[in-house]
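Peer 1:
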Amino acid sequence: MSVGRRTVVTAGAGLALALAGAPAARAQGHPHMRTLFIAGDSTAARKYADAAPETGWGMALPFFLHRGLTVANHAVNGRSTKSFLDEGRLDPVLAALRPGDLLLVQFGHNDEKAADPTRHTEPWTTYQDNLRVFVEGARSRAALPVLATPVERRRFAVDGTALRTHGAYPAAMREVARESDVPLLDIEALSLALWQRLGPEATKTYFNWTATERDDTHFNPPGAIEVARLVATELLATHVLAPRETRRLHDGIDPARITWPASEESPS
Numbered sequence: 000m001s002v003g004r005r006t007v008v009t010a011g012a013g014l015a016l017a018l019a020g021a022p023a024a025r026a027q028g029h030p031h032m033r034t035l036f037i038a039g040d041s042t043a044a045r046k047y048a049d050a051a052p053e054t055g056w057g058m059a060l061p062f063f064l065h066r067g068l069t070v071a072n073h074a075v076n077g078r079s080t081k082s083f084l085d086e087g088r089l090d091p092v093l094a095a096l097r098p099g100d101l102l103l104v105q106f107g108h109n110d111e112k113a114a115d116p117t118r119h120t121e122p123w124t125t126y127q128d129n130l131r132v133f134v135e136g137a138r139s140r141a142a143l144p145v146l147a148t149p150v151e152r153r154r155f156a157v158d159g160t161a162l163r164t165h166g167a168y169p170a171a172m173r174e175v176a177r178e179s180d181v182p183l184l185d186i187e188a189l190s191l192a193l194w195q196r197l198g199p200e201a202t203k204t205y206f207n208w209t210a211t212e213r214d215d216t217h218f219n220p221p222g223a224i225e226v227a228r229l230v231a232t233e234l235l236a237t238h239v240l241a242p243r244e245t246r247r248l249h250d251g252i253d254p255a256r257i258t259w260p261a262s263e264e265s266p267s
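When we follow numbering that gives the first Met the number 0, the leftmost residue of the sequence shown carries the number 0, and every step to the right adds one.
1. Return the bridge partner residues of R213 from the DSSP annotation.
2. Is it buried or exposed for A26, if we count other Cβ within 10 angstroms and need 16 for buried?
3. CA-CA distance, E178 and P116?
4. Can you tell me which residues form a DSSP beta bridge with T34?
5. With DSSP as the reference, label F63 as helix, strand or coil.
6. With DSSP run on the structure shown, which of helix, strand or coil describes P242?
7. On the three-state DSSP scale, how would you describe T117?
8. Find the nearest neighbour of K112 within the set L146, K81, Y47 and D214, judged by alpha-carbon distance.
9. Quick one: using the 10 Å Cβ neighbour count with 16 as the cut-off for buried, is P260 buried or exposed?
10. Apply the 10 Å Cβ neighbour rule to T120 and answer buried if 16 or more other Cβ atoms are within range, or exposed otherwise.
11. Enumerated in chain order, which unbroken segments of the alpha helix (DSSP H) with a length of 4 residues or greater are wholly contained in the segment 127-197?
12. Ordered along the chain, which non-local residues of its own chain (more than five positions away) have a Cβ less than 6 angstroms from that of L176?
13. Going by DSSP, which residues form a beta bridge with V75?
14. Run the CB neighbour count on A255, radius 10 Å, all protein chains shown included, and call it buried at 16 or more, exposed below.
15. Please state if the CB of F83 and the CB of P149 are separated by a distance shorter than 8 angstroms.
16. CB R163 to CB E151, shorter than 8 angstroms?
17. Considering L273, what are the terminal residues of the beta strand (DSSP E) in which it resides?
18. Going by other Cβ atoms of all chains shown within 10 Å of its Cβ, with 16 needed for buried, is P52 buried or exposed?
19. May I have the straight-line CA-CA distance separating P234 from R243, to the nearest angstrom?
20. Which residues bound the beta strand (DSSP E) around L103?
21. From which residue to which residue does the alpha helix (DSSP H) around L234 run?
22. Using a 10 Å radius around the Cβ and a threshold of 16 neighbouring Cβ atoms, would you call M58 buried or exposed?
23. Is A223 buried or exposed, if buried means 16 or more other CB atoms sit within 10 Å of its CB?
24. Just the C-alpha distance for V181 and A171, rounded to the nearest angstrom, thanks.
25. Which residue comes first and which comes last in the alpha helix (DSSP H) that contains D85?
26. Can at least three beta-carbon pairs, one atom from the segment 207-227 and one from the segment 132-145, be found at a separation below 8 angstroms?
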């Protein structure tokens, strides 16, 4: 049985105190370079040359973080909280986490797929239960869990109103964050507001629209950069990161800086 599917037990009051003091300890100079791990789906995942120009926002996040903070992107196309855990994908993340690291969790797109029992979860029961596995897993390693509501798809009403597409999942995640005292990045709300400001036509330049494809879920380089900017800005606003750990939050980023490796690396 994988670590991801069993109850993760914390080390008690001593660990809780260590977690509470983790930011202060880092400010005094933690002995290792911190890593921000991403667990999520295709909207965040690293893409490869055969998928270009599709781009996960996790590929662009390092542009907004200081070089002393490393990003380890474990997001995988098509995964939900259920399939990510069932496949044991949390195990190598937990094995690599060290005190002071961050585990940023964003799922929802595939949890919503009621026709697929290998991925589907119910928002107020199994989805929340799975999110708690990620939270307790990070805390058991004295790392900081961070929850991010799923980024919105590109969908507009006839009158140009940007529409919510994730049902109850964002609200269910907000509840877990509140009850578990976990920092929350409300990327669903922030991205919806961004798409509304841009409107139906301009948003096409942020999503993976090509001569042969009209993809209103996944991003191209400009879109991935702007979603990553939302994530980094919220990491700062929620005090997960200190100002010295972020950079270029208001600067233009050349989309040509996005690169796609030739082939997928080992999932480990």
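A virtual CB, placed ideally from N, CA and C, is assigned to each residue, including glycine.
Peer 2: Based on what the coordinates show:
1. W208
2. Its pLDDT being 36, under 50, A26 is placed unreliably in this model, and the coordinates cannot settle the point.
3. So the two alpha carbons sit approximately 27 angstroms from each other.
4. T69
5. helix
6. helix
7. coil
8. K81
9. exposed
10. buried
11. 168-179
12. What sits at residue 176 in the sequence shown is Ala, not Leu. Cβ within range, chain order: L146 and L183.
13. According to DSSP, V75 bridges with nothing at all.
14. exposed
15. no
16. yes
17. Since the first residue of the chain shown is 0 and the last is 267, residue 273 is not available in this structure.
18. buried
19. Note that residue 234 is Leu in the sequence shown here, rather than Pro. Going from the Cα of L234 to the Cα of R243 covers about 12 angstroms.
20. L101 to Q105
21. In this chain, the alpha helix (DSSP H) harbouring L234 covers P220 to A236.
22. Burial call: buried.
23. It is buried - the Cβ of A223 has at least 16 other Cβ atoms within 10 Å.
24. 13 angstroms
25. T80 to D85
26. Segments in contact, no.
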